[in-house]
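In full-length UniProt numbering, the protein residues as written are 1 to 699.
Don't be surprised by glycine CBs; every beta carbon is placed ideally from N, CA and C.
Please read all numbers here as calculations on a predicted model, not as lab measurements.
In what follows, a single structure is set out as structure tokens and then discussed.
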């Protein structure tokens with residue numbers, strides 16, 4: 001039973017071959033399914049006798065396995081979405097070759113009690129065979145057994161889902177009297193269970209708490225469609241909100257004896273299920289202070305939240321696509337297919353929390369900020385990254401800031417995980433506002449490292465002598481103006497150097513992995529700015545930068561040209577903390593020029609910029625245009641004699657990338673054209689002459 005019959009049911013119900021079977025084969029399978037339903041009822045009856053005789057607070061393993069097996073059969077058979085029931089969904093009656101005693105419900109008016117209909121066909125899809133199986137199950141006292149099992153005080157939560165799952169699957173086909181008589185009390189006990197959860201209910205190996213809540217929501221949707229006269233007899237609802245929160249379990253048998261039928265009531269509403277669902281989910285993700293929650297429980301809740309958000313977003317997109325769909329030719333077949341698709345979409349929506357409710361909860365509870373724990377765990381961060389992708393449109397600037405500042409309390413592994421998470425999400429998910437905020441956080445971190453280096457230099461520097469390692473490069477990187485004093489390099493600790501390299505690698509990784517051109521352009525600009533150093537902005541420049549942020553999605557190429565003109569107009573491009581689009585008047589030459597504290601920064605940043613230019617994959621025309629733009633930047637930098645040592649290498653790399661052989665065009669022709677456009681030979685010679693003259697003066 002546990003292996004062969006389960007495998008047989010799976011093949012008959014879920015195999016794609018079902019779609020090719022003829023009518024006689026389908027009826028034969030229906031005979032077999034009817035026998036399987038009767039077998040399940042017998043298993044449940046045997047389990048009931050065993051439990052009644054033992055009268056134990058806990059189920060024995062053999063009895064529990066038998067009961068679980070019977071309910072697993074019912075879960076497979078009572079599934080309108082399986083291949084078999086989808087194949088037979090439009091059948092309204094048998095073909096005449098199959099005699100079914102359950103096809104005559106209600107015809108004999110003198111014996112209506114014995115032939116009560118527990119299920120009925122829908123207008124579409126009718127699912128005649130499924131309704132027959134449900135009536136067969138009810139005629140053999142299956143619903144009485146389900147009600148008895150579901151109201152046992154010692155029935156664990158995982159088995160409660162085994163009881164509720166099959167009923168939720170076929171809730172649309174159950175008659176109002178069946179819902180009120182057999183399902184109402186199961187819903188009440190489930191409400192009580194989810195209000196009085198224990199640590200055992202969250203066992204990651206066996207937890208089915210979220211599946212149980214989903215089944216309860218589906219049944220609440222069905223309950224909401226019933227009218228007040230659906231019940232066979234009137235009775236007051238025996239529970240209120242206070243009863244659900246009492247830790248002592250009620251005596252269900254006595255309550256059912258007083259109120260055998262549960263009428264439709266607002267107490268069993270979808271809104272209350274959603275509210276409780278979110279409370280349970282949040283307490284699992286972020287346990288209250290003093291409460292213990294294992295890592296596996298948080299991972300279980302995280303995976304459920306990701307699946308829930310993904311399903312809700314897909315359902316919303318499908319609804320929008322359906323509403324915007326164009327009209328097609330209408331036939332009887334297409335009408336039936338459309339009705340079936342609408343039925344399946346409705347079933348999917350009933351399993352989910354409503355979109356507005358879920359998104360509002362994410363914002364009100366600050367879920368993103370509350371789950372930033374275990375950031376040194378690769379598995380948890382991978383799940384967090386997936387959640388960020390799902391919620392990328394709803395991630396606030398504060399969320400990004402909190403995650404960025406988490407680096408301050410993390411180990412190296414935690415910092416690397418945070419940067420990897422942000423790089424994967426921001427590369428192809430952030431909008432311009434979010435990405436600009438992330439870049440500002442990078443600039444602030446870079447400036448903080450500058451401050452740390454200055455403090456360290458103030459404490460340790462005695463004579464202020466420059467180290468021999470970078471003496472020559474430092475001389476080449478300073479301005480050729482004789483009035484500008486030589487700035488001694490600050491010998492930074494390995495911790496600060498590693499932090500800078502980590503930031504540069506982070507920016508380069510975003511640029512390379514992004515599929516958006518504007519993202520890689522902003523990363524290139526940021527690397528150029530970091531290569532020249534940063535210092536605080538004035539309020540006027542801050543206002544100018546904020547105005548440029550609003551233009552981020554408009555005219556990207558023109559905006560980049562303005563950036564090039566700024567970099568080429570006397571400043572190092574850093575006097576506005578690297579903001580793009582700063583006015584030319586805001587970048588001054590002379591004493592206000594800010595040089596990097598250490599030539600290593602310039603070299604490392606330009607090296608990363610070169611890597612991005614080489615690795616970014618753009619269409620040939622766009623790539624050539626980008627390289628020409630950066631060639632202009634490098635040429636203007638050489639004309640002013642800034643960072644000559646590094647810019648020459650940068651210029652050489654760009655020329656190598658531009659002058660790749662093209663059909664009908666030699667490298668010499670390309671170089672001749674570039675020299676004509678940018679006067680490269682004169683610019684390089686003049687720059688080298690200034691460097692030699694300046695080196696002689698320094699000696």
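- Per DSSP, the continuous alpha helix (DSSP H) segment holding residue 143 begins and ends at 142–150.
- Bounds of the alpha helix (DSSP H) holding residue 509 are 494–513.
- The stretch 379–392 and the stretch 300–313 touch, with three or more beta-carbon pairs separated by less than 8 Å.
- Note on residue 201: 16 or more other CB atoms within 10 angstroms of its CB, so buried under the neighbour-count rule.
- Distance from the CA atom of residue 47 to the CA atom of residue 168, rounded to whole angstroms, is 22 Å.
- Taking a 10 Å sphere around the C-beta of residue 132, we find 16 or more other C-beta atoms and assign the residue as buried.
- Cβ atoms of residue 19 and residue 87 come within 8 Å of each other, at about 6 Å.
- Between residue 44 and residue 9, the gap from beta carbon to beta carbon reaches 9 Å or more.
- The count of Cβ pairs closer than 8 Å, one atom from the stretch 341–349 and one from the stretch 205–214, stays below three, leaving the stretches out of contact.
- Bridge partners of residue 139 according to DSSP: none are assigned.
- Cα atoms of residue 177 and residue 13: separation of roughly 29 Å, rounded to the nearest angstrom.
- With fewer than 16 other CB atoms across the displayed protein chains lying within 10 angstroms of its CB, residue 224 is exposed.
- Counting along the chain, the unbroken alpha helix (DSSP H) around residue 425 starts and ends at 412–428.
- Residue nearest to residue 513 within the set 156, 426, 303, 339 is 426 (criterion: CA-CA distance).
- Note on geometry: alpha-carbon atoms of residue 632 and residue 423 lie some 29 Å from one another.
- Apart from sequence neighbours up to five positions away, the residues of its chain that approach residue 82 with a beta-carbon distance below 7 Å are 13, 14, ordered along the chain.
- Sorting 411, 516, 356, 197 by C-alpha distance to the C-alpha of residue 499 places 411 at the top.
- When only Cα atoms are considered, residue 366 and residue 283 end up about 13 Å apart.
- With the rule of 3 Cβ pairs closer than 8 Å, the stretch 426–442 counts as touching the stretch 500–510.
- In the three-state scheme derived from DSSP, where H, G and I count as helix and E and B as strand, residue 119 is classed as strand.
- When the Cα atoms are used, residue 145 and residue 339 turn out to be separated by approximately 34 Å.
- In this structure, the straight-line span from the alpha carbon of residue 315 to that of residue 359 is close to 14 Å.
- Here residue 249 is exposed: its Cβ has fewer than 16 other Cβ atoms, across all protein chains shown, within 10 Å.
- In this chain, residue 249 is not harboured by any alpha helix (DSSP H), its DSSP state being neither H nor E.
- Following the DSSP letters along the chain, one finds residue 192 inside the alpha helix (DSSP H) bounded by residues 184–195.
- Taking a 10 Å sphere around the C-beta of residue 378, we find fewer than 16 other C-beta atoms and assign the residue as exposed.
- For residue 174, the pairing in a beta bridge is given by DSSP as 119.
- Its chain contains 83 as the residues whose beta carbon lies nearer than 8 Å to that of residue 16, once the 5 sequence neighbours on both sides are disregarded; these appear in chain order.
- Residue 621 sits in a helix when the DSSP states are folded into three classes.
- The three-state reading of DSSP puts residue 533 in coil, since its state is none of H, G, I, E or B.
- Beyond the five residues adjoining it in sequence on each side, residue 286 comes within less than 7 Å, by CB distance, of 370, 371 in the same chain, given in chain order.
- In this structure, residue 400 sits away from residue 453, with a CB-CB distance that is not shorter than 9 Å.
- Excluding sequence positions up to five before and after residue 50, its CB lies within less than 6 Å of the CB of 63, all in the same chain and listed in chain order.
- Measuring C-alpha to C-alpha distances from residue 75 to each of 52, 41, 53 identifies 41 as the nearest.
- Residue environment: residue 617 is assigned as exposed (fewer than 16 neighbouring CB atoms within 10 Å of its CB, all protein chains considered).
- Apart from sequence neighbours up to five positions away, the residues of its chain that approach residue 142 with a beta-carbon distance below 6 Å are 41, ordered along the chain.
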